[in-house]
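Read the structure below first, then the notes.
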Amino acid sequence: MKNIYKIFFGLGLVGLTYSCTDLEEELVGDLQSDFAIEGIASSSSGDAGDALTGAFNAVRNAGTANHGGYFSVQSVSSDEMAVTQKGGDWYDGGIWLEMHRHTFSSNNGPINGTWIQQYEQIAQVNNVITNGNLDAGQLAQARVVRAYLHWRLMDMFGRIKIVATGESTAQRTRTDAFNWIESEILASVANLGGNDVKYRINKYAAHGLLAKLYLNAEVYTGTARWADAAFHADFVIENGPYRLSDSSVKVTNLGRRPSVSTDPVELSGYAAVFAPNNENNPEIIWSVEYDEATAGGMNFNQMTLHYASQYSWNFQDQPWNGYSALEEFYNSYENGDARKTANFIVGAQLDYGGNALVDLASDNADPAINYVPNINELEPNANRIGGARLGKFSFQQFGRPDMDNDFPIIRLGDMYLIRAEATARAAGNWALALPDVNTIRARAGVAAMTSITADQFLAERGREMFQEASRRTDLIRFNKWGASWWEKTNSDAYRTVMPIPAEQIQVSGGTLTQNPGYN
Amino acid sequence: MKITLLKSFLLVGALLCFGLVGAQTVSGNVSDANGPLPGATVVIKGTSVGSSADFDGNYSISAKAGDVLLFSFVGYTGQEVTVGSSDTINVVLIPGNELDEVVLTGYGSQREKEITSAVVAVSEKDFNKGNVNDASQLLQGKVAGLQIYNKGGNPNSGATIRLRGLSTIGANSSPLVVIDGVIGASLANVDPSDIASINVLKDASAAAIYGSRGSSGVILVTTKSGAGVQGKPKFNYNAQFTTADILNQIDLMSPDEFIAAGGRDLGSKTDWIDEVTRQGQTKVHNIAVQGGAGDTNYRISTNYRDVEGILLNSGFEQFNTRLNFSTRTLNDKLKIDFTTSYTKRDQQNGFNEALRYATLYNPTAPVYGADAPYAFNSATYGGYFETLGLFDSYNPVSIIRQNINDGNKVEFNHSTNFTYNFSENFTGYFRAAEQLSRYSNRLYYRTTSLWNGRADSPTRKGSASFFNDEFRFKLYEGYGTYAKSFDRLAMTVTAGYSFQQQNYMSHSFTLGDFPNDDMDYINAIEYSQDLKNAGLIGASSDKSPDEKIIAYFGRLNMTFDDSIFLNASLRREGSTKLGDGNQWGLFPAVSLGADLNKYLELEGVNQLKARASYGVTGNLPSGSGLSQEIRTYAWAGGDATGGSTALARAANPDLKWEEKAEMNFGIDFNMDRFSATLDLYEQTSKDFIINRQVDATVYGFNRRWENAGELSSKGVELALNYDVLQGDKLSYNTGIVLSKNKSVLESYVAESDRFGNLGAPGQNDTYVIRVKEGEEIGQIWGPVWDGTITNGSQNFVDVNGDGNLVTNQGSWNAEDADFAVLGKGTPDFELGWSNQLSFGKWEVNAFFRGAFGHSLVNTFRAFYEPRVGSQKSYNYVNTELANPDIKNAQFSSLYVEKADFFKLDNLTIARSLDVSNSKIFDSMQLSLNVQNAFVLTNYTGTDPEPALFDSNDGNPLASGIERRNSYYSSRQFTIGLNINF
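This is the structure:
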C-alpha cells in the first residue's frame with residue numbers, strides 16, 4: 080500500500096516540479112537585435128560584408144526600383160510614364176490613374192508605402208549606427224545614407240520627421256528638414272574616402288548628393304542655392320576618378336538573342352551605364368547593388384513588358400504589362416539619339432528564335448506584338464501594346480523576376496547637367512548651360528545645340544534622366560508639375576508635396592499633421 | 007466545517023491523504039419497461055467515476071457501501087441508489103426526465119439540472135449522418151450559436167468553427183477541443199465513428215476554468231469506451247459507400263456563346279469544369295470491439311476511410327486506431343484510464359487553381375496540343391495545349407494531371423488518467439497526456455507544366471518543394487475534488503494545477519531545373535541543376551520556443567434545496583508569450599441558477615430553471631514571443647559575403663492579456679414531451695491583440711503586436727424540442743435551434759479600416775471589406791452601381807447627393823466619398839431543424855439548415871463577368887446577373903449578392919433488419935443518406951455558405967468574400983451498413 084502512495088505522490092511531484100513557474104521564452108527560431116551585431120561581426124570580410132551592409136541594403140529595400148513604392152510614385156506622377164488601365168487589368172482601384180492625374184488622396188497605398196519604406200530603412204541605418212561599432216569613416220557613410228533617405232522623404236512629403244539619436248521627433252518644416260540633411264552630409268564629408276567604391280559612399284557621392292540637394296533648395300526652402308549646387312557638381316566632375324561612359328566603354332550584351340541579327344553583341348556608351356553588367360561602369364559614383372539571387376528588388380522587366388515578351392528574354396516569370404512611356408515624352412528624342420534606343424523598347428517583338436510574338440487577346444486583328452509609342456487612352460481600355468516600354472535597365476536572357484542591373488543614385492552624367500543648370504540659373508543666362516549639355520549630347524550621338532531655353536534644358540534633362548526617379552522633382556523645379564499633359568489636366572500647386580499618408584497621421588497619435596490642401 | 011474544508015484543500019494541494027474504505031464491484035442491469043438500455047450511465051455521485059451499460063444493459067462499477075450511484079440515460083429520469091451490502095443493483099428507469107442526466111463540464115461533471123451556464127450536450131443519436139469524415143461535421147447546425155462552416159467540398163480542408171460570433175481578431179477564434187479530458191486535442195485524431203457524445207460549453211462562466219484557451223468556447227468530446235461489457239466481447243462493424251457530384255457550378259459561356267461574344271475561336275469545344283472534376287467515391291469501414299472482465303474493460307477500434315474529392319487528384323486515405331482501456335486496483339480505489347490513438351493519413355491535396363482556371367479558360371481551346379488550331383509544340387507541355395503569351399492563363403487539365411501535391415499526416419496521442427478515491431468525500435485526479443503530429447508535403451511541378459513548372463523556359467524547368475512540420479504538446483494536470491452534503495446543501499470543491507507546453511518546428515526547401523520527368527523527383531533532387539547555383543534554391547526552417555501555460559484553478563459548486571445552484575471558479579494563468587510583468591492573468595467566473603418550478607409547481611412542468619452567469623477568459627494569438635522583436639536577414643548582394651538584419655516586427659514589452667467578459671442569461675423549460683432553452687448573452691473582448699500598423703518613425707518598423715481595441719458581441723439562442731408522437735410503432739420528434747448574433751467593433755486602431763484586396767488582374771488596391779468603430783463587423787464596402795452603363799463602364803450613384811461623384815478606391819473613407827455598405831459577411835440569423843421519425847423498423851432523419859442575412863462578394867463575377875476586350879481568350883462568367891454592356895472590371899454593388907440559403911442538409915432513411923433468429927448477430931441496420939439534397943438560394947457563386955474569414959489571409963474581420971480558388975461543393979449519396987455482433 081505504501082508503495083502505491085509513493086507512486087502517486089511521485090507522479091504528482093513530476094507534475095509540479097516539471098512546471099516550476101518559469102515563463103521565460105527564448106525565440107530560438109528567430110533573429111533578434113543581439114544577432115544583428117554578432118551576425119555582422121562574424122561574417123565581416125571584405126568590402127561589402129562589413130558592418131555597413133545593413134545601411135546600404137536599406138536603400139535597396141526602400142522602393143528604389145520595384146513596383147508600388149518610391150520609384151512608382153516618383154515616376155508615374157510625372158510626364159515620363161503611366162500605368163494605363165487595360166480593360167480588366169491594372170485598374171487597381173484607380174490608384175495609378177489618380178497618381179498620374181494628380182488626384183491622389185492621402186489614402187493612396189503606394190504613397191503610404193513609400194513613407195513606410197523610407198522610415199523602416201532609416202531605422203535599419205540607425206541600428207547600424209547604434210550597434211555596428213563603426214569607425215569614423217563608416218559612421219560618415221551611414222550618416223549620409225540616412226540623410227539621403229530623409230532627403231527622399233523631404234522631397235516628396237515636405238514636412239517630415241527626422242529619426243536620429245538626439246534629434247527631436249517632432250514634425251519639421253521643410254526648411255528644418257533641409258537644414259538637417261545638409262548639415263549631416265557636410266559633417267560627414269571630411270571622414271569619407273576618395274576611392275571608386277560603387278556600393279559605398281565616398282566623398283564624391285556626398286558632394287553629388289549635396290549638388291542635388293542645393294539644386295532644389297529654392298523649392299525646399301524658398302532660398303536658391305545655385306552657386307552651391309554648381310560648386311559641388313563641379314567638384315565631382317573635376318576631381319573624381321570618373322568619366323562619362325562613352326563609346327569606348329563596352330560590355331557584353333547579356334540580352335542578345337543569337338538568332339536576331341539586330342541584337343548587338345555589345346552594349347556601349349550610355350546603354351552600358353544601365354546594363355545588367357554595369358557594376359564597373361566608370362560613370363557611376365554611387366549605385367544600389369541588385370542581384371537576381373542574393374539582392375532582389377529591381378523588377379522593371381515584370382513592370383513594363385507585355386506578358387508574351389517573356390519569350391524574347393526567356394524570363395522565368397511572366398511579366399505584368401503595366402508601365403509604359405508617354406508618347407510625347409518618347410517623341411522628344413530625335414532619331415539617332417543613342418538614348419532613344421537605350422531607353423525604350425518599341426516595334427515588332429521577336430522571341431528567342433526570331434519568330435514574331437503574338438498576343439491571342441490582342442486588341443487588333445493582328446495578334447503580333449508590336450509596341451507602338453501611341454497609347455489610345457489612359458483608361459478604361461488602353462491598348463495592351465500601347466506605349467514604348469521602359470528598357471533603360473536592359474534585360475538579360477534567362478532573367479529572373481529580380482534583375483541584376485545596379486541602380487545609380489549618383490552618376491557623372493547627372494553631375495554635368497546639374498552643373499549646367501545651376502551655373503545658368505546662378506547667372507540668369509541659359510546659354511551658360513550649353514557646354515555641359517553638349518557634352519552629354521555628344522555622348523548620346525546627337526548634334527550640339529547652339530542655343531537653349533529653360534524648356535529645352537528640361538527636355539534634355541528628361542531625355543538623359545528617364546527612369547531614374549528624377550522627373551517629378553525636375554518638373555516641380557521647372558514649375559511644370561502643375562501643367563497639363565496628355566490626359567492629365569492642370570493640378571494645384573499644393574500637390575507639389577504629397578499628402579502625409581492618412582494611416583501615418585492616424586498611428587502617429589497626433590504628432591503628424593496633414594500638408595496644406597489635403598484632407 | 008470551514009476547518010474541515012480547509013484541511014481538505016491542503017490535502018489536495020499536497021496530494022496526500024488518509025482514510026481508506028474497502029471498495030467492491032457492484033454490477034447489475036439497467037432497463038426500461040421495454041427491455042435493456044444499452045449505453046445508460048452509472049456514476050458515483052459527486053465524482054466523475056462512472057461506467058456505462060453494455061448492449062444488454064449490463065454494467066459494473068467499483069463502489070463502496072454508502073456510495074450513491076446515479077443511473078441515467080438520455081430521455082429518462084435518473085435514479086439514485088445507495089450501495090448497501092449487495093453486489094447487484096438492478097434499475098428500471100422511467101422515461102421522461104432528462105434533468106438528472108450527468109453532463110461533463112470542465113474538470114468534472116454535474117447533473118444537468120445543476121448546470122447554470124450555457125452548456126449543450128449532443129449525443130450520438132443526434133449527430134449528423136452520412137459521409138462525415140471530420141468530427142466537427144457531426145455537430146453542424148445542431149447547437150444554437152455554434153457556427154460550423156466548411157465552404158466548398160474539399161475533403162482536405164477543415165471546417166471553420168466559431169461559437170457566438172467573433173470574440174477575437176488576432177487570437178484563436180476556434181473553440182478549444184477537449185477529448186476525454188485532454189485539453190487542446192486534435193479533432194483530426196478522432197474518428198467520427200468513435201465519438202459517443204459532444205458537449206459544448208458556450209459561455210465564459212463554463213469555459214473560464216480552461217482559462218485562455220477556452221475563450222472562444224470549449225467542445226468536450228467523449229469517446230466510446232468499453233465500460234459495462236463483461237464476458238464475451240461485443241463487435242460493431244460499420245461500412246459506408248458514398249458518391250459525390252458537383253452541386254452547383256458557375257454559369258459560363260458555352261463555346262458558341264463565347265464565339266458570338268467576340269471570343270477567339272480555337273476550334274474545339276471543351277467543358278473545362280467537366281475535364282477536371284469527377285464523381286468522387288468514398289469508402290469507409292469501421293470495426294470496434296469492446297470487452298472486459300471485472301474492473302477492467304477496453305474498447306479498440308480501427309477505422310479506414312478512402313475519400314475522393316470531386317476535383318481530380320484530391321482526396322485522402324486514412325487509417326485510424328484507438329484504444330480506450332480502464333482498470334481499477336488498490337481495493338478499487340485507484341482507477342486508471344489509458345487512451346491512445348494513432349492516425350495516418352495520405353492526402354492528395356490537388357490544386358484548387360485547376361477549378362479557377364477551368365472557370366476562365368477559353369472554352370474553344372483543346373485539351374491536347376495535338377488538337378491545336380495552329381502549329382504547337384505539344385511535347386514541351388507534356389502533350390497538353392497551352393494558350394501561350396496570355397496573362398494568368400493555364401490549361402487546367404495540365405495543372406491537375408501533370409503536377410503532384412501530396413501530403414502525409416501522422417497524429418499520435420496518449421493520455422493516462424489516475425483517479426484515486428482518498429476518502430468518501432475526496433477524490434484526486436492526475437493526468438498526463440502527449441500529442442505528436444507531423445505533416446509532410448511534397449509538391450512537384452513537372453518540367454512540362456507551364457503552370458509553375460516553367461515548361462516554356464529553356465532553363466529551370468520543373469520544381470520540387472518539400473515541407474515538413476512537427477507539433478508536440480504535453481499536458482500534466484492534477485486536481486482534487488471534495489464533495490460534501492449537508493441537510494439541504496450539497497457542495498463540491500475542486501482545486502488543481504495545469505501545465506501545458508507546446509513546440510512547433512518546420513523546414514522546407516524548394517529547388518528546380520530537372521533534366522526531365524523520367525526520374526521520381528523524390529529521389530532525384532541531386533539532379534536539380536539549381537545545385538550548380540545555390541542561390542536559386544529556396545529553403546526555410548522554423549522552430550518555436552517552448553511555449554508554456556501554467557495555471558492554478560479552483561471551483562465551488564453548491565446546490566441548495568436541490569433547486570438553487572451556485573457555481574464559481576477562478577483560474578490564474580501565466581503564458582510565456584507575454585513580457586515580464588504581464589505574464590499572469592486572473593480569470594474568474596460565477597453563475598447562479600434556480601429551478602423556479604420547485605416553488606411554482608406548475609402543472610406538467612418538470613423544470614423551469616432560470617440562470618445567470620458572468621465569466622472572464624483570456625486569449626492570446628498563436629505566434630511565439632509576441633512581445634519581442636523579430637528580425638530578418640538579408641545578403642549583401644552579388645558575390646559579397648555577409649549580410650545584415652532588418653526588423654520584421656517591433657517589440658512591445660507592454661503587451662498584456664486580451665480579456666473577454668461574458669454575461670449569459672438562460673431559461674430551461676422542460677415538460678414531458680416539450681423542452682425549450684433560451685439563452686441571451688453579451689460578451690466584450692477588451693484589449694484584443696492584433697499585429698497592427700504602428701508609427702514607423704518611432705518603432706523602426708510599421709507593425710507590432712498591440713492591445714488595440716474592443717469587440718462586443720450580443721446574441722440570442724433558442725432551442726426547442728418536441729416529441730410529437732410517442733407511440734410504440736410510430737414516433738416523431740422535431741427540434742429547432744435558432745441563433746442570432748451581432749458582433750460590433752467598439753474601438754479599433756483607426757476609426758475605420760479596410761481589408762480584402764481583390765487582387766490581380768486589375769483589382770489590386772481594391773479593398774471590399776470595411777470595419778468602422780461602433781459598427782457591426784464584416785461590412786462589404788464599395789460604390790453603388792446605378793443600373794446604367796456609359797461607354798462600357800458602370801455609372802455609380804451619388805450616394806451623398808452632393809453632386810460630386812467620388813468612387814475611386816483611394817477615397818474610400820473620404821467625407822465626400824460615394825461609397826456604401828453593400829452587404830455584410832456574417833449571417834444575422836441561423837437555423838437548424840431536425841426531424842426524427844421512426845415507425846416499426848424504419849427510421850427517417852431529416853435535417854434542414856439555413857443562414858440568412860449574409861452576402862458574398864462573388865469574385866468569379868467581379869473578375870470574369872465584365873466583357874473586357876483584352877479577355878477575348880478567357881471565358882466569361884455568364885450568370886443571370888451578367889450585363890454584356892459592361893466592358894471593364896470595376897468593383898461595385900453589382901458583384902455583391904445576398905447569399906441567404908435554406909437547405910435539406912442531411913436526409914437519412916434507415917431500416918433495421920430482423921436478426922432475432924440469428925445466433926451471431928445482435929442487430930443489423932441498413933441506411934441511405936443524402937447530403938446537400940437541395941439548396942434554396944439566389945446566390946450565383948459556388949456555395950452560399952458564409953465565408954467567415956478571408957481565405958487569402960485568414961483575416962476574420964474580412965468576412966464575406968468568395969475567392970476564385972474555391973473548391974466546389976457537392977451532393978453526396980451514402981449507403982451504410984451497421985452490424986453489432
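If you read the sequences in order, they're chains L and W.
Numbers in the working numbering are just positions in the first sequence, counted from 1, shifted up by 79.
Numbers in the working numbering are just positions in the second sequence, counted from 1, shifted up by 6.
For every residue, glycine included, the Cβ atom is placed at its ideal position computed from N, Cα and C.
- Distance check between S547 of chain W and each of W:M511, W:P962, W:T565 places W:M511 closest, using alpha-carbon atoms only.
- For N242 of chain W, same chain residues with a beta-carbon under 6 angstroms away, outside a window of 5 residues either side, are A294, N986 in chain order.
- For Q732 of chain W, the number of other beta carbons within 10 angstroms of its own is below 16, and it is reported as exposed.
- For P767 of chain W, at least one C-beta of chain L is nearer than 8 angstroms to its own C-beta.
- A residue is called buried when at least 16 other Cβ atoms come within 10 angstroms of its Cβ; L828 of chain W meets this threshold and is buried.
- Residues are counted here when their Cβ sits less than 9 angstroms from a Cβ of chain L; for the region 442-471 of chain W these are R460, D462, S463, P464, T465, R466, given in chain order.
- Interface residue (Cβ-Cβ distance to chain L less than 8 angstroms): F264 of chain W is not classified as such.
- Rounded to whole angstroms, the Cβ separation of T487 of chain W and T433 of chain W is 5 angstroms, and the two are in contact under 8 angstroms.
- Taking D200 of chain W as reference, the option from W:Y773, W:F979, W:T703, W:I185 with the minimal CA-CA separation is W:I185.
- Listed along chain W are R270, T393, G395, L396, S879, each with a C-beta nearer than 7 angstroms to that of L439 of chain L.
- In the three-state DSSP reduction, M497 of chain W falls in the strand class (E or B).
- Sequence-distant partners of S421 of chain W (beyond 5 residues in either direction) whose C-beta falls short of 6 angstroms from its own C-beta, in its chain, are V188, T345, A439.
- Annotation: F391 of chain W to I410 of chain W spans about 19 angstroms, alpha carbon to alpha carbon.
- For the region 155-186 of chain L, residues whose beta-carbon sits nearer than 8 angstroms to a beta-carbon of chain W comprise Q164, K165, G166, G167, D168, W169, Y170, D171, G172, G173, I174, L176, E177, T182, F183, S184, N186.
- At the C-beta level, A766 of chain W and V743 of chain W stay beyond 8 angstroms of one another.
- Cβ contact annotation for K51 of chain W (same chain, cutoff 6 angstroms, sequence separation greater than five): V74, L76, in chain order.
- The region 928-954 of chain W contains, as complete beta strand (DSSP E) runs of 3+ residues, the segments 929-943 (chain order).
- Comparing C-alpha distances from K282 of chain L to each of L:V224, L:K240, L:A249 shows the shortest one belongs to L:V224.
- Under the 8 angstroms Cβ criterion, the region 961-980 of chain W counts as touching the region 314-332 of chain W, having at least three qualifying pairs.
- Distance from the CA atom of T370 of chain W to the CA atom of M259 of chain W, rounded to whole angstroms, is 10 angstroms.
- Residue contact with chain W for G188 of chain L: present (Cβ-Cβ distance below 8 angstroms to some residue of chain W).
- One Cα belongs to L572 of chain W, the other to L562 of chain W, and the distance between them is close to 8 angstroms.
- Residues of the region 444-462 of chain L whose Cβ lies closer than 7 angstroms to any Cβ of chain W, in chain order: P459, N460.
- Shown here, H181 of chain L sits in coil according to DSSP, grouped into three states, outside any helix or strand.
- By the 16-neighbour rule on beta-carbons within 10 angstroms, L954 of chain W is buried.
- Taking the CA atoms as reference points, F869 of chain W sits about 43 angstroms from T132 of chain L.
- Using a CB distance cut-off of 8 angstroms, Y386 of chain L counts as an interface residue toward chain W.
- Straight-line spacing of the CA atoms in G348 of chain L and L323 of chain L works out to 8 angstroms.
- Taking C-alpha positions only, A210 of chain W is separated from S123 of chain W by approximately 8 angstroms.
- At least 8 angstroms separates the beta-carbon of G492 of chain L from that of V874 of chain W.
- With respect to the 8 angstroms criterion, I543 of chain W and L517 of chain W are classified as neighbours on the basis of their beta carbons.
- In the displayed model, F322 of chain W falls within a strand according to three-state DSSP.
- Shortest Cα-Cα distance from S33 of chain W to any of W:Y82, W:F908, W:N96, W:T83 involves W:N96.
- At a Cβ-Cβ threshold of 8 angstroms, F408 of chain L and G541 of chain L count as neighbours.
- A360 of chain W has a beta carbon lying at 8 angstroms or more from every beta carbon in chain L.
- Put simply, the CB of V339 of chain L is far from chain W, with every gap to its CB atoms at 8 angstroms or more.
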